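Quick mapping for you: the protein sequence lines, in order, are chains A and B.
First residue of the first sequence? That's 1 in the working numbering, and the numbers climb one at a time after it.
First residue of the second sequence? That's 407 in the working numbering, and the numbers climb one at a time after it.
Scroll down for the structure; my scribbles are underneath it.
2 protein chains.
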Amino acid sequence: MDGLWSGRIATGAASIRSSAIRDLLKLTAQSRIISFAGGLPAPELFPVEEIAAASELALVEAPLATLQYGLTEGYGPLRELVTSWLTRLGMHATTDQILISAGSQQGLDLIGQLLIDPGAPVAVEEPTYLGALQAWQTCRPNYLCVPIDQDGLDVAALERMLANGARPRFLYVISCFQNPTGVTLATERRRQLIELAARYSLPIVEDDPYGDLFYEGERVTPLAALDCELHGELRHVIYLGTLSKLLAPGLRVGWVAAPRAIFSQLVMLKQGFDLNTGSTAQALAYYACRDGLLDRHAPRIRALYHERRDAMLRALERDMPKGIEWTRPRGGMFLWLTLPEGYDAQLLLKHALDAGVAFVPGQSFHPSGRGANTMRLNFSHSSTAQIDDGVQRLASAIRAMESDRA
Amino acid sequence: MDGLWSGRIATGAASIRSSAIRDLLKLTAQSRIISFAGGLPAPELFPVEEIAAASELALVEAPLATLQYGLTEGYGPLRELVTSWLTRLGMHATTDQILISAGSQQGLDLIGQLLIDPGAPVAVEEPTYLGALQAWQTCRPNYLCVPIDQDGLDVAALERMLANGARPRFLYVISCFQNPTGVTLATERRRQLIELAARYSLPIVEDDPYGDLFYEGERVTPLAALDCELHGELRHVIYLGTLSKLLAPGLRVGWVAAPRAIFSQLVMLKQGFDLNTGSTAQALAYYACRDGLLDRHAPRIRALYHERRDAMLRALERDMPKGIEWTRPRGGMFLWLTLPEGYDAQLLLKHALDAGVAFVPGQSFHPSGRGANTMRLNFSHSSTAQIDDGVQRLASAIRAMESDRA
Chain A
1 MDGLWSGRIA TGAASIRSSA IRDLLKLTAQ SRIISFAGGL PAPELFPVEE
51 IAAASELALV EAPLATLQYG LTEGYGPLRE LVTSWLTRLG MHATTDQILI
101 SAGSQQGLDL IGQLLIDPGA PVAVEEPTYL GALQAWQTCR PNYLCVPIDQ
151 DGLDVAALER MLANGARPRF LYVISCFQNP TGVTLATERR RQLIELAARY
201 SLPIVEDDPY GDLFYEGERV TPLAALDCEL HGELRHVIYL GTLSKLLAPG
251 LRVGWVAAPR AIFSQLVMLK QGFDLNTGST AQALAYYACR DGLLDRHAPR
301 IRALYHERRD AMLRALERDM PKGIEWTRPR GGMFLWLTLP EGYDAQLLLK
351 HALDAGVAFV PGQSFHPSGR GANTMRLNFS HSSTAQIDDG VQRLASAIRA
401 MESDRA
Chain B
407 MDGLWSGRIA TGAASIRSSA IRDLLKLTAQ SRIISFAGGL PAPELFPVEE
457 IAAASELALV EAPLATLQYG LTEGYGPLRE LVTSWLTRLG MHATTDQILI
507 SAGSQQGLDL IGQLLIDPGA PVAVEEPTYL GALQAWQTCR PNYLCVPIDQ
557 DGLDVAALER MLANGARPRF LYVISCFQNP TGVTLATERR RQLIELAARY
607 SLPIVEDDPY GDLFYEGERV TPLAALDCEL HGELRHVIYL GTLSKLLAPG
657 LRVGWVAAPR AIFSQLVMLK QGFDLNTGST AQALAYYACR DGLLDRHAPR
707 IRALYHERRD AMLRALERDM PKGIEWTRPR GGMFLWLTLP EGYDAQLLLK
757 HALDAGVAFV PGQSFHPSGR GANTMRLNFS HSSTAQIDDG VQRLASAIRA
807 MESDRA
């Protein structure tokens, strides 16, 4: 960077670095590479015709709402629709608690700007969503890393931290089919966590982009609904939802359901960010979804991803050398692989790319810098044949690395 | 705010307040009020059919690019199209210097996060765009206010500040038909400013949403083009453009053209904000504009706004009491009214709303808190009949206020 600019970069921005996900996303453009790296939904399931019909309808019925500036809070009919979805999930939230955001990612950015001062403690699962760490990079929090296991966040470990005096600004948790590990916070732990939040006045940011992508059992009740059950309204939980996984990420339409105490401040921050989330995208989303499209469409997505998850689990079982472990997610888009202690997933990535397969090394999901021997695999974006082939390539890359080490 | 949240609000967010524009925008929903308050384009000129056709085409020809996540930098074909527009304006910028943003507003947010530390000096015109002050609220800069006159920014005043040792992170300037005053930076001053930038290593953020809305003469050459002329490339100027005024603001599609030295950092910040600007909106914008729609459409907008500007100038001439002054913008969407010293435009607004007309009091455009006797009038969103009527109502509100004062 030249002298004109170098002395002028803000402290928060000076430390930001390109992310592994970002650089890897570029690799997925090469067709010979089977990519388990991205976090992309399967494009063959985008309801293209329904969105085309919605666009036509929106521009005929509501051209003004579709093309003009809109209220920062979002498009009224869409906010009402979202409210009805949240009610179905057990939340007691009203439309005036719903802010339409540019995907959940903008919800995370809003929360960072609202609640994080440099050095302030913020509790996160470790590993956690890389995009959250990126959203909060300029805020420079001090992360309190709470371990997770097969049942999600280790609530007992969090309780010990709180009992020892930790007072995080909030706890960030991806409650269902977590990114990156695929694990889900168990029901009993959910109740404990909501009680803990009440006892310690702990705000919780619940990020729930994958909750509807369940392949076993039923939709898990969000923490936000349990918070409402206990207090009659959203009190401790800010809930983030999105259409990116069920409709199309290119719309960039998500929502923040927030306790009344902070709603207007979120709206004012959002106004400075971009005035309002795209009116066009909001109108398209509303017209596409108002007649229950998601109820018809979600089962299709679940059926396909279910197959792909199973294909990946089968292939891993078949091909992976001994000593390698992985999660068995009941939903979502990712699973998590742990190599033997001492293995380096970044190094493996080089071998894997040579073999024609990509993944995301797990270290960047760890605020603590741990996890060098872990990696995230996406199963939503590849066909079962690609998954089969890709896992084989991955296994041969692991063997190639092992023989290099030997 | 309850105790759960009140102790947890970030320092930057704690001071943000609802804006006059925002609260007033809500008033415009009442039909009996003629609003000169907003900054809205005329919806009757939205090219609804062209956008509908573009949407259909985008979803047939490029469903993936329209609905999937995209690169943070933006949709390739749209970035190339923007590059060609900038080339026509005299800039030497390549596609890899173009970042597609959620309107210019997000460009401002990006710049704030990139360049402003709390307390850092930032030079702005006074008065300046309220949305920039909002975007930078959480960054808490120390504003150096440079006066403006009929020829735009007082470059000599800025030079004195720099000669006296001021070293702002950047100068923010709306170079054509400025919001809120409507004045345009004169050509000679543009050359002086670009030389000043070179001499003092001063970065300039040039916001140019209105440049194509000229009603006299020709398109004014942006500062960014003069910077390129002097240095062979963009060096001192970050240039912000948008489709909000020429196509439709509801798309939320704008762009940042930036010097190479800072481009990748802007992209990384943007990734944390929202991953990418809506793919759907970008594809619609590209398919709508690729065959030269804006060249055909801009003259229609100019013709209509030209009429409306003239209608407002005529009505002001006819109705305004002595002692009131206003600007005569050669383009854009706003003009600026100055009441006699000691008058209070906030107080006038109450009378005006009673009389059925709205505007934005000018004080909030002044970082220094000055300008209590000033106000912004929008002429793009009302018919000539409404303008005629509204100015009459405004004049009677002024007389009502005067008799209250007497």
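Idealized CB from N, CA, C, for every residue including glycine.
Note that this is a predicted model, so its numbers are computed, not measured.
By the beta-carbon neighbour count (other beta carbons within 10 angstroms, threshold 16), B/Asp697 is exposed. Chain A has no Cβ within less than 9 Å of the Cβ of B/His498. Chain-ordered, the chain A residues with CB closer than 7 Å to the CB of B/Pro655 read Gln68, Tyr69. Residue burial is scored here from C-beta neighbours: A/Gln346 has fewer than 16 other C-beta atoms within 10 angstroms and is therefore classed as exposed.
Taking 9 Å as the threshold, the shortest C-beta distance from B/Met674 to chain A falls below it. Taking the beta carbon of A/Pro63 as reference, the chain B residues within 8 Å of it are Pro449, Phe452, Val454, listed in sequence order. Among the residues of the region 677 to 698 of chain B, those with a Cβ less than 9 Å away from any Cβ of chain A are Gln677, Gly678, Phe679, Asp680, Leu681, Asn682, Thr683, Gly684, Ser685, Thr686, Ala687, Gln688, Ala689, Leu690, in the order of the chain. A straight-line Cα-Cα distance of about 52 Å links B/Phe620 and A/Tyr143.
In terms of Cβ geometry, A/Gln392 and A/Tyr75 do not form a close pair [threshold 9 Å]. Interface with chain A (9 Å Cβ-Cβ cutoff): B/Leu602 is excluded. Within the region 177 to 193 of chain A, not one residue has a Cβ closer than 9 Å to any Cβ of chain B.
CA-to-CA, the gap between A/Cys145 and A/Leu377 works out to about 22 Å. Per DSSP, B/Asn682 has no beta-bridge partner at all.
Within chain A, no C-beta atom comes less than 9 Å from the C-beta of B/Glu635; the nearest is roughly 17 Å away.
Looking at B/Asp614, B/Thr733, B/Gln543, the one whose alpha-carbon comes closest to that of B/Thr627 is B/Asp614. Beta bridge pairing from DSSP links B/Trp742 with B/Arg782. A direct Cα-Cα distance of roughly 15 Å separates A/Pro299 from A/Pro43. Judged by DSSP secondary structure, A/Ser104 falls within the alpha helix (DSSP H) whose first and last residues are 103 to 115. Taking 8 Å as the upper bound for CB-CB distance, B/Gln512 and A/Phe170 are not in contact here, some 25 Å apart.
By the Cβ neighbour-count rule, A/Asp149 is exposed, with fewer than 16 other Cβ atoms within 10 Å of its own. At least one CB atom of chain A sits nearer than 9 Å to the CB of B/Ala541. Across the region 92 to 121 of chain A, CB contacts with chain B closer than 7 Å involve Ala102, Gly103, Gln105, Gln106, Asp109, Gln113, Leu114, Leu115, Ile116, Asp117, in sequence order along the chain. Note that the region 105 to 119 of chain A does not touch the region 75 to 89 of chain A; fewer than 3 beta-carbon pairs, one per stretch, sit closer than 8 Å. Distance from the CA atom of A/Leu251 to the CA atom of B/Arg573, rounded to whole angstroms, is 41 Å. In the DSSP assignment, B/Ser441 forms a beta bridge with B/Ala764. If you ignore the 5 residues before and after A/Gly356, its C-beta comes within less than 7 Å of the C-beta of Arg32, Ile33, Ile34, Arg393, all in its own chain and listed in chain order. Contact of B/Gly738 with chain A is not assigned, every C-beta pair being separated by 9 Å or more. Beta-bridge partners assigned by DSSP to B/Pro553: B/Glu532.
At a cut-off of 9 Å between beta carbons, B/Trp411 contacts chain A. Following the DSSP letters along the chain, one finds B/Val579 inside the beta strand (DSSP E) bounded by residues 577 to 580. For the C-beta of B/His772, not a single chain A residue is nearer than 9 Å; the gap to the nearest is close to 18 Å.
Nearest neighbour of B/Gln677 by Cα position, chosen from A/Leu78, A/Leu133, A/Leu59, turns out to be A/Leu133. Neighbourhood of A/Glu73 in chain B, by CB distance below 7 Å: empty, with the nearest CB roughly 10 Å away. When Cβ-Cβ separations below 9 Å define contact, B/Arg658 makes contact with chain A.
Under a 10 Å Cβ-count criterion, B/Glu594 is classified as exposed, with fewer than 16 other Cβ atoms of the shown protein chains found around its own Cβ.
The C-beta of B/Val466 comes closer than 9 Å to at least one C-beta of chain A.
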